[in-house]
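Written out below as structure tokens is the structure these notes cover.
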Amino acid sequence: MGAAYRITNIKIRAGDNIDAIVITFTRYGLTETKHFGGSGGTPYEIPLQEDEYLVGVDGSVDTLGTITLVRNLTLRTNKKSYGPFGTSGGKPFSVPVASGKIIGFFGRAGTMIDAIGVYLAPK
1 MGAAYRITNI KIRAGDNIDA IVITFTRYGL TETKHFGGSG GTPYEIPLQE DEYLVGVDGS
61 VDTLGTITLV RNLTLRTNKK SYGPFGTSGG KPFSVPVASG KIIGFFGRAG TMIDAIGVYL
121 APK
């Protein structure tokens, strides 16, 4: 996805793992939507308020055969937490943002989300 100036909406598809993430963001005055992953799982939508921004991502990863997958995700904003999406288990990870905000995501995906990371910016 790359860095975004403002994330406006997040859709997550999850079942046993995180199947997909769809991010809608504005950059240079234009609205774009990027879909990563497959089409399985139950859809969840997180519309962010105008003054709401992401300040943390928690979750876990697990292995399915030889493939590493993101098993669950919780997204935290300056207003509230959303999730967890997916199922418990696996090795936990946490990306708290003490100063600043999350403005974008990067990672790896096929039919499910294999890896996820974040781009940060000052508030």
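The UniProt record's numbering puts the sequence shown at residues 1 to 123. Heads up, the beta-carbon is just placed ideally off N, CA and C, and yes, glycines get one too.
Under 8 Å by Cβ, that's how I've got residue 127 and F105 pegged, so tell me the actual separation to the nearest angstrom.
No answer is possible for residue 127: it lies beyond the span of the chain, which begins at 1 and ends at 123.
Buried or exposed for Y53, please, with buried defined as at least 16 other CB atoms from any protein chain shown within 10 angstroms of its CB.
buried
State the Cα-Cα distance for the pair V57 and G107, rounded to the nearest angstrom.
13 Å
Counting Cβ pairs closer than 8 Å, one from the region 22-30 and one from the region 84-98, do we hit at least three?
no
In whole angstroms, give me the CA-to-CA distance for V70 and P84.
C-alpha separation (whole angstroms): 12 Å.
Nearest-angstrom Cα distance between L64 and L120?
30 Å
Among the candidates P47, G89 and V61, whose CA atom is the shortest distance from the CA of I113?
Taking only the C-alpha atoms, the option nearest I113 is V61.
In chain order, what are the residue ranges of uninterrupted beta strand (DSSP E) at least 3 long that sit wholly in the UniProt domain "Jacalin-type lectin" (1-122)?
6-14, 18-27, 30-37, 42-47, 54-64, 67-77, 81-86, 91-96, 101-109 and 113-121
I'd like to check one pair, K11 with E45: are the Cβ atoms closer than 7 Å?
yes
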